[in-house]
Each structure stands twice: as structure tokens, then as C-alpha cells.
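Residue numbers (UniProt numbering), protein chains in the order written: chain A, 1 to 193; chain B, 1 to 153; chain C, 1 to 571.
Shown next, in the form of C-alpha cells:
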């Protein structure tokens, strides 16, 4: 599935300014981890980061929502990234994404280690799931209670992906920059034909 | 503890088969008393299916005889803990988790183990933990001096 | 989907037909990564592990593996103060590692001697010793140092739908096939009381004396144990670095306290650890996986817990992906056994797409024998396995039995005739039906009993009313239902034999016999531990040998041609 898409789009995250609190009551914040987009370009199963962002935005838009994207540099803890995003979000809803693909839907008022929906198995997240996550995020932001995105399970994800996940986690950890505050970014998705 | 018993050795194990004469429930019953008839008639309660501190001491002797010092020490602590109610054992365990208790709370816990339950080895374990937690920054923050006003809480 | 999809091939480049075949082999669906020793992504040979050292002053250890006491983290402190014998350590650590490694392998050195020497060793010294051993030598070491003479096996019995009737039927089948211990866990945690009851009842139907446990959060697991609904506990996790231990919301002292809490209720318990967990959580502190696991093993020993489940367990994908990783996993089982702990030796989580690789990962435990070869073997199809799949599952039962017979090795299981299996499955389901009725729990229909008798997976059962079951589960906890209440209800409802077996298991708490190292119950309720069944391996012709009645039993398979009448099969 990924091979065809891979060569098609690239992602650049153009910095706009410091990440600040939003005011639009229905907005969703997409909070990206330190290595997302740069230096990493795709998830653990080679879904391009451009595709991840594109599908999340499309899912949000098709439910009538709006989105802002921020990038976090000081932690690789997904719960912390998403919760930080939620606190900046006008609606209090955020989607947190690690560069390997692990994703969580978070809400400002929840405890940091709690969440609305968690997608812990990054190898099972494809374009379709990211779109559905975006759609649900928009609905939560509008005060609705959407049906959770169906979780997938795969007994054989461990033998194939566990060690690579550990490696990616260690690499992302090295991208932490304590001196750098979170920024708002404009995702620039370019088609390369 | 049963004073007329010489130190047990491997040949006494399993006690349920080789030395049932030494075994009593905390309520004073023998293994033979724990029959289905007695269960059905309501003569047996959950209290009768517990291990007694004396039995844990016997098992400790067997562990020590097999060269298992730490297992025997565990049975000593366990023997002391038989006196502590289930809920309180759970609460004590939770209090020993990292960043769960202040130095003062751990000190109180140790005193309670010692004074209320005569659990000296358990108390020593808690005091040792308190020392390590202090050194490794694993104590809970002390409560604020002034409690929050009700409207802020 | 994606996880098992073949690797994308780079079109355009021509490959040979042989390469196409090799690319399609299941083993190429497994993940392999390069080592990164600086971050601890390395099995057991790393320049970043400490060198062995120990120094005693005033009756306490003041230096351990190159660190002085003022620089100890809490693992160092606990190991120095509880695990290592202070009187013996300086001499033990001074013994050349090659001498110690040879003692582990040489049958003329007794288990007692090598265990005694081990009491004085530091983590880095133990690592230094096992690094000298190849995998066959490690197996020799396991054969000698495992604590119980008779090997055993443990099963998982779980359900993708948390269906307690399925858990009971599969537990009964598992028990009659020979598992000494049965373990369950949940998809929906609130289902726990009903599933734990199913496991216990099924276990006592299959054969008397199987021990059961339900893996849950620490405090809940202890609660079910105290009530007598489960018989032992295992998922008491420990970790090799301080930071990961704290992330798991425990310390060596809280876990040691918990160990004593279980013993104080007469309940058998072991800890769980394994290579790869620390690097998986990103805090290996630059140490190799095996070095950190050896710290866990010594921490467990220091806590006085009788045993340990190790062999990577849920992180098997990590050592499995690096060079020498499965050798390290065998070595961690060896160290647990050598440190005189009961060892439930892994082989319990989905490990590889390759049947050949699954088997090779199993042999270092199965051939020498361990206290529990699998911890556990999935006694349900892997898709129903709520521990996320096992290295062995129900489909593998016949293969397992054949390997036992081929190698003349006792892996704890046996072939059982279909009529016997159907009978115990049916009886377990009927016992659950009667018990639920007696306790006013949601009805179990005859249709469900029939399904349980003949089922393979959760798909073969009628759906339960989940909300009603969850209410029932809650009421079990709220009403304070105990194991004794279950015994009474089984007796009243006509399942006297099951009730009697259950009562005998509960009665074991009074004697504490199951608290001793590596204790299990035989079908006749005789406790078998590393005291009355101590491993006495001392070279060829000694120790546990598969012979006599048990060997005759293991010669039976589903299909064996009769020598007397080759036109028939042996029944």
C-alpha cells in the first residue's frame, strides 16, 4: 500500500512562530513529536509523514473542523505531547503523533496519562485510520461523542516491529532539544511527480 | 511457636503429608477438620483457610535448611503480616510505592508495624526503604503548610 | 494487515526466482535490527557494561561492579544489602570466571556447590561467567541448576471475548493435557472475577490440583488471591534500571513487601522480568539487556520470592531482533535457575512468523527441561490469547507431543483421546452453568455448554450479554464472594468432585507447602517442590529421566500404527 504513495508527497513544516493558545472554539491541534518530518519522514510501516498529516487534516476538514499544527521539541512522551497540544487547543482537543506513528486523541481536562482514544500499535495505522482519527478529533472538538475508531490487533506485530519501535524511540529521544520551545508550523505538502 | 519441635529438615516436606500434626489454622483447626461436610455445614469460614504465623515459621525452617536464606526471611516478614487485615496490607504496599509517601508517613508506617502488629522485620524493611527513597528522591512532597481554602479545593 | 504484509519489493530491479521464494518465507516477516550498545540495544556483549568488582567494609558491601556505595542507585543498594552473601562475595568474585563457567557445565560439580558459589557473585561477575558459555553449555547449565527435578508446563487460557465458559473449557482441556499451572488475563478488566472463576473451575475439572492465576494490576491481583478465587500470582513485574522500575510505579522494597504479603496469605507467587524491557522503555542506561536482567534476577532473590518468570516475556521482539539475542534469553533462564529460583522460562509470547525459528527458540528450555518450559503455552488459539499471542498454541499440541516422543524429553504435556477431552470440556461448561445459577450470575444456556464442548475458538460460542456479565462480575466483588463460597456452590449444585478438588487447593494455603521453591501439585495433591523433588542431575544416567509409566504415556500420539496389527492404529 505504501510504495505507490511514497514517491508522491513530501512534507515540510514551515515555522510560523511560538506555539500559543488558540481561541477558535472548534479547532483541533495536531501536536507532532521532535523527529516528526525532520529527520524522520515516514512511520514505522513507511506511511509518509506527509500522508499522516494530510489524512488527519482531511479527516478534520470533512467533519467541518479546523486545525493548527504544532511541533514539540522537549519531550518524546506521547501523552505529554498530546496533553500539551490539548492545552493550547481552542476546543481543548488535540491529536498527538510520534514520528513512528503512535497516535493519541487527548483532551485538555483529562489527566495526562488518560486519553480519549489511544492507538498504541503504530504498525497498524495506515492512511485510512489517520483520516478516521482526524474525523473523530473534529467531532470531539464540536462537543460530539463519536464512535471510537475501531482498534486493530495483530499477534505478529511484536516479532516484526517491536525492536524497530525501540530503535525509533531511542532515535527520537536523541532529537529532544530542551532549549527549544514548541512552535506552530504550517505543513507544506508537495507533490513530486 | 511450637517449642517441642526440633528443627525441620527436607524429610518433613511436604508438611501437609509428612507433618500434618504440626499444622493448625489461625483458628486452631487441623487439616483433617477442613472437610467438605464442615464447609457445607458452615463450620469452616475463610478465616479457617489461612496460614498461621507458626506454619510460616516452620516453612521458614525448611527454606533455611535448603540454604534459601532470603526465602526464609520473606517467610519471617510474612509471618508477621498474618496479623494485618487484607485492606491494610494493600494500603501499606501502596504507601511503599515510589513518590507515594513522605518521610514522616513512612516513619509512621514503620511504627505502626512495630507497635500494633509486632512486625519488627517488616518495620525494618520500611525504614530501610525510607532511607533509600530519601537518597534517591522518591519521597512524596510534603503537604503544603496551609491547606487550601474550601472554595479553592 | 500491514504487519504481516510482505515487504515492498523495489520494482525495476530483477531478482532471481530463488530470491523471490526466499523473500516470501515467513522468517523474512520478522524484524531484525543492528546493535546499538551505547543505548543498550545489545544482547549480552557490550563494552558499556561494568566490570565485576566487590569490596566489603564493616560487614557490608561498599563497592559493587565499579561503583562505590555513595554512587549506588536503588538496584545496587538492594542487591548489595539483600541478594549477595557478604561473607562469601570477595572470594567468589575473585574466582576466575572460566572456573565458574566450567563448574556450571561439568556434571562432576554438584548443583549445591555451584549454587553456593553463586550466592556471592555480583551482576557483572555473573554476566562475565555466562558470556563464556555457548548455547549448548547454557543448556547443560540449565539441566543441572533448574530447581525442581521434574519439568512442568504452564498454559494461558484466555478469550478474545472474555467468555468465562470458553476459559473454563480450555482450562479443563489444558489441565487434562498436563499443564501444572493455568494463567488468564482480560480484554475488559472488569470481567476479571468471572474469568478467574472459569479458570479455577475448569482447572479442577481437567485434573485435581492445577494452580490458577489471573494477571491484573498488582493490587487487584492480590485481592483475587486473598479471596481464594486464584491460587497463585506471577505478573509482579520488576525491572533492571531504577528509572524503569519507578515508571512501573514500584521499587525493590515495595515489591519485597508485596512478596511477603502473598506469603502471609499462603499464596504462591513469583516475579516477572526479562531482557529487552528497559531498552524498550528507553531507559537501559547504556547497559546490555542481559546485564540488566541479571540485576532483576538478583533483586528477586534478595526479596526472598521463590521464583521468577523470565526469558524476555513480552519484550521478546527486542532480543529476538539483535545478534545473539536468543542465546541471551537462554542465559537469563540459566541465571535464574542458578540463583536457586523457580524459573518459568518464557516461550510465551508470539516470537516469530517462522515455524522453524519458533521451534529453535523453544529448544534451549525444552531439551534441558525447566520448572515451567512455557509460561505459558497458549491453550487457546492465538487469536484468543489476550497476552498478545504465545510462541506455542493449541494448533501446536500434536507437534509438541511428537517432539517429546522424538527426543524422549518431557515437556509436561501428553496426548489425550478425543472422548476424554470432550468429556472434560463438557463437564467444565456444565459446572460453570450450575455455579452461575447457584450464585445468581447471568444464565449459561445449554447451547453455550454444547458450543464449549466442541469449540476451537471464541467464534464458536454464542455471544454473551456483556453488560449483564459485567454486572455479575461487579456483584461477585461487592458480595465479597470467596473461593470457599464457590466450593459450597459447586458442592450444592452436584459437582462434588470439582468442589472437593477446589477445596483441596484452598487447603494448601493452611500448610504453606506451595510457598516453597518451584512447588506444584500432582494430580494426587502431593506438593512437589525443590525440596522433596530437588534436581539431582549429576551427569549421564542421573537426574530426571523420561522412563516407566510416563514414557509409555508419551509414546502415544494421535496416529501411531499398531505393530501387532499394522492395519490399525494404537488407541
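By construction, the Cβ of each residue, glycine as well, lies at the ideal position given by its N, Cα and C atoms.
#1: Hey, could you find the ends of the beta strand (DSSP E) residue 477(C) is sitting in?
#2: Within 8 Å (strictly less), CB to CB, does residue 162(A) reach chain C?
#3: The beta strand (DSSP E) that contains residue 142(A), what's its start and end?
#4: In the structure shown, what three-state DSSP assignment does residue 527(C) receive?
#5: Taking all protein chains shown into account, do 16 or more other C-beta atoms lie within 10 angstroms of the C-beta of residue 98(C), making it buried, or fewer, making it exposed?
#6: Cβ of residue 14(B) less than 8 Å from any chain C Cβ?
#7: Just verifying my parser: in three-state terms, what is the DSSP assignment at residue 148(B)?
#8: Say whether chain C places a C-beta atom closer than 8 Å to the C-beta of residue 84(A).
#9: Taking all protein chains shown into account, do 16 or more other C-beta atoms lie within 10 angstroms of the C-beta of residue 17(C), making it buried, or fewer, making it exposed?
#10: Could you list the residues in the region 315-348 of chain C with a C-beta less than 8 Å from some C-beta on chain A, going in chain order?
#11: For residue 115(A), collect the residues of the same chain with a Cβ closer than 6 Å to its Cβ; drop the 5 residues on either side in sequence, then sort them by chain order.
#12: Shorter than 8 Å from the beta carbon of residue 159(B) to some beta carbon of chain C?
#13: Check whether the region 497-510 of chain C and the region 262-282 of chain C touch, using three or more Cβ-Cβ pairs below 8 Å as the test.
#14: Could you spell out where the beta strand (DSSP E) holding residue 268(C) opens and where it closes?
#15: Given residue 436(C), which residues of its chain have a CB within under 6 Å of its CB, disregarding the five upstream and five downstream residues?
#16: Does any C-beta atom of chain C lie closer than 8 Å to the C-beta of residue 196(A)?
#17: Which value, in whole angstroms, describes the spacing of the CA atoms of residue 150(A) and residue 119(A)?
#18: For residue 86(B) and chain C, any beta-carbon pair shorter than 8 Å?
#19: Going straight from the alpha carbon of residue 89(A) to that of residue 21(A), what length do you get?
#20: Residue 2(C) CB to nearest chain B CB: under 8 Å?
#21: At 8 Å on the CB atoms, spell out the chain C contacts of residue 102(B), in chain order.
#22: Can you give, in chain order, each stretch of the beta strand (DSSP E) that sits fully within the region 22-105 of chain C and has at least 3 residues?
#23: Where does residue 9(B) land, buried or exposed, given buried means 16+ other C-beta within 10 angstroms?
#24: Alpha carbon to alpha carbon, how far is residue 295(C) from residue 79(C)?
#25: To the nearest angstrom, how far is it from the Cα of residue 180(A) to the Cα of residue 122(A)?
#26: Just checking: is the beta-carbon of residue 167(A) within a distance shorter than 8 Å of some beta-carbon in chain C?
#27: Tell me whether the region 84-92 of chain B and the region 34-48 of chain B touch, counting them as touching only if at least three CB pairs, one residue from each stretch, are closer than 8 Å.
#28: Distance check for residue 106(B) and residue 96(B), CA to CA, integer angstroms please.
#29: From residue 79(B) to residue 122(B), what does the alpha carbon distance come to, in whole angstroms?
#30: Kindly say whether residue 116(B), judged by its beta-carbon, lies nearer than 8 Å to any beta-carbon of chain C.
#31: Taking a contact to mean a Cβ-Cβ separation below 8 Å, would you say residue 280(C) touches residue 234(C) in this structure?
#32: At what residues does the alpha helix (DSSP H) containing residue 495(C) begin and finish?
#33: So that I know if they touch, is there some Cβ in chain C lying closer than 8 Å to that of residue 50(B)?
#34: Does the beta carbon of residue 31(C) sit closer than 8 Å to a beta carbon anywhere in chain A?
#35: Between residue 292(C) and residue 241(C), how many whole angstroms is the CB-CB distance? I'm expecting something under 8 Å.
#36: I need the boundaries of the beta strand (DSSP E) containing residue 18(A), first residue and last residue.
Well, looking at it:
#1: In the DSSP assignment, residue 477(C) falls outside any beta strand (DSSP E) and lies within the alpha helix (DSSP H) extending over 466-478.
#2: At a cut-off of 8 Å, the C-beta of residue 162(A) has a neighbouring C-beta in chain C.
#3: Unbroken run through residue 142(A): none, as it is neither H nor E.
#4: When DSSP states are grouped into helix, strand and coil, residue 527(C) belongs to the strand group.
#5: The residue in question, residue 98(C), is exposed, as its Cβ has fewer than 16 Cβ neighbours within 10 Å.
#6: Taking 8 Å as the threshold, the shortest C-beta distance from residue 14(B) to chain C falls below it.
#7: Only weak support is given to the placement of residue 148(B): the predicted model assigns it a pLDDT of 37, under 50, and the question is left unresolved by the model.
#8: Cβ-Cβ to chain C under 8 Å: no for residue 84(A).
#9: In this structure residue 17(C) is exposed. Its beta-carbon is surrounded by fewer than 16 other beta-carbon atoms within 10 angstroms.
#10: Taking a C-beta cut-off of 8 Å against chain A, the contacting residues of the region 315-348 of chain C are 315, 316, 317, 318, 320, 321 and 322, listed in chain order.
#11: Once the five neighbours on either side are set aside, the close Cβ partners of residue 115(A) are 104 and 106.
#12: Residue 159(B) lies beyond the stretch modelled for chain B, which goes from 1 to 153, so this question has no answer here.
#13: Touching, per the Cβ criterion.
#14: Boundaries of the beta strand (DSSP E) harbouring residue 268(C): 268-272, taken from the DSSP string.
#15: The beta carbon of residue 436(C) is closer than 6 Å to those of 444 in its chain, skipping five residues each way along the sequence.
#16: Only positions 1 to 193 of chain A appear in this structure, which leaves residue 196(A) out of reach.
#17: Their backbone Cα atoms lie some 10 Å apart in a straight line.
#18: Answer yes: the Cβ-Cβ gap between residue 86(B) and chain C drops below 8 Å somewhere.
#19: Roughly 6 Å between the two C-alpha positions.
#20: Since pLDDT at residue 2(C) reaches only 40, below the 50 mark, its modelled position is unreliable, and the value read off the structure follows with that caveat. Not closer than 8 Å to any Cβ of chain B, the Cβ of residue 2(C) fails to qualify, so no.
#21: Those within 8 Å of residue 102(B) in chain C number zero; the least Cβ separation is about 15 Å.
#22: The qualifying runs are 54-57 and 60-64.
#23: Under this definition residue 9(B) is an exposed residue.
#24: Between the alpha carbons of residue 295(C) and residue 79(C) lies a distance of about 8 Å.
#25: If you draw a straight line from the Cα of residue 180(A) to the Cα of residue 122(A), it is about 26 Å long.
#26: Residue 167(A) counts as touching chain C.
#27: With contact defined as three or more Cβ pairs closer than 8 Å, the region 84-92 of chain B and the region 34-48 of chain B are not in contact.
#28: Rounded to the nearest angstrom, the two C-alpha atoms are 8 Å apart.
#29: Near 10 Å, if we compare the C-alpha coordinates of residue 122(B) and residue 79(B).
#30: Judged by the 8 Å Cβ criterion, residue 116(B) is not in contact with chain C.
#31: Cβ atoms of residue 280(C) and residue 234(C): not closer than 8 Å.
#32: Per DSSP, residue 495(C) is not a residue of any alpha helix (DSSP H), being assigned neither H nor E.
#33: Residue-level contact check: residue 50(B) touches chain C, since one or more beta carbons of chain C fall below 8 Å from its beta carbon.
#34: Interface residue, yes.
#35: Correct: roughly 6 Å between the Cβ atoms.
#36: Bounds of the beta strand (DSSP E) holding residue 18(A) are 9-18.
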